[in-house]
Amino acid sequence: MENTRKHGRQYALRLLTIRDRTTAELVDKLRKKGFDEDIISTVTTEMRDLGYVDDKKYAMHFAELRATYDKFGPHRVRIELRKRGIPKDMAENAVESVFPEGREEANALELANQWIARRGIDDREKAARRLYGYLARRGFTPNVVRNTLSKVLK
């Protein structure tokens, strides 16, 4: 029993050396590797207690990266956090803190301008449809997308 707990701990540390993970991701990886539930529980608790796994810190860092570098909208960031096993309220708090007033609009405008610079506008209606879809897939709210389109497709 102690031997498998030791292996579970070593495997978890190896995973966390590669990149930060949420508690849910760590549990999933340990399950797939075939560890017992009691060992999984012990190892994840130990990793949390040592500060190696911190879902709140992970959520904040992830949301900041996605908003800053990938220019995702709040909806997409929220979905990505939920996919990684972050609880709904924690994901919501991370998104709210990362998207202060105006940041979503600024990100959408920057992406729209980049999109237009790459593709150009031959047919205004076609460009509006495609740009709307592009921004919506990036996680921007319909209202922000419409406002952005009205600014860039004057």
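If you count the sequence shown from 1, position 18 lands on 21 in my numbering, and the numbers rise without skipping.
Every residue, glycine too, gets a C-beta built ideally from N, C-alpha and C.
Suppose you measure from the CA of residue i to the CA of residue j; what does that come to, to the nearest Å?
{"i": "R106", "j": "G136", "result": "20 Å"}
{"i": "R34", "j": "I43", "result": "7 Å"}
{"i": "G123", "j": "R149", "result": "19 Å"}
{"i": "F143", "j": "L134", "result": "12 Å"}
{"i": "D126", "j": "V155", "result": "14 Å"}
{"i": "L16", "j": "P90", "result": "23 Å"}
{"i": "K157", "j": "E40", "result": "59 Å"}
{"i": "I119", "j": "Y14", "result": "47 Å"}
{"i": "R51", "j": "P145", "result": "38 Å"}
{"i": "A94", "j": "F102", "result": "12 Å"}
{"i": "N96", "j": "D58", "result": "12 Å"}
{"i": "S100", "j": "H64", "result": "11 Å"}
Given a cut-off of 8 Å, decide if residue j and residue i are closer than it, judged by their beta-carbon atoms.
{"i": "V147", "j": "E83", "result": "no"}
{"i": "R79", "j": "A27", "result": "no"}
{"i": "N110", "j": "K74", "result": "yes"}
{"i": "L114", "j": "L138", "result": "yes"}
{"i": "L19", "j": "Y55", "result": "yes"}
{"i": "Y61", "j": "T25", "result": "yes"}
{"i": "G76", "j": "R141", "result": "yes"}
{"i": "V2", "j": "A130", "result": "Given that the chain is displayed from residue 4 to residue 157, the structure contains no residue 2 and the question cannot be resolved."}
{"i": "R12", "j": "E49", "result": "yes"}
{"i": "R81", "j": "T45", "result": "no"}
{"i": "L170", "j": "T47", "result": "This structure cannot speak to residue 170, because the chain is shown only from 4 to 157."}
Any idea what DSSP makes of residue i, helix, strand or coil?
{"i": "K74", "result": "coil"}
{"i": "K36", "result": "coil"}
{"i": "R22", "result": "coil"}
{"i": "E128", "result": "helix"}
{"i": "D57", "result": "coil"}
{"i": "L16", "result": "helix"}
{"i": "K157", "result": "coil"}
{"i": "G88", "result": "coil"}
{"i": "R69", "result": "helix"}
{"i": "R122", "result": "helix"}
Could you tell me whether any Cβ in chain B is nearer than 8 Å to the Cβ of residue i?
{"i": "V80", "result": "The chain inventory of the structure shown lacks chain B, comprising one protein chain alone."}
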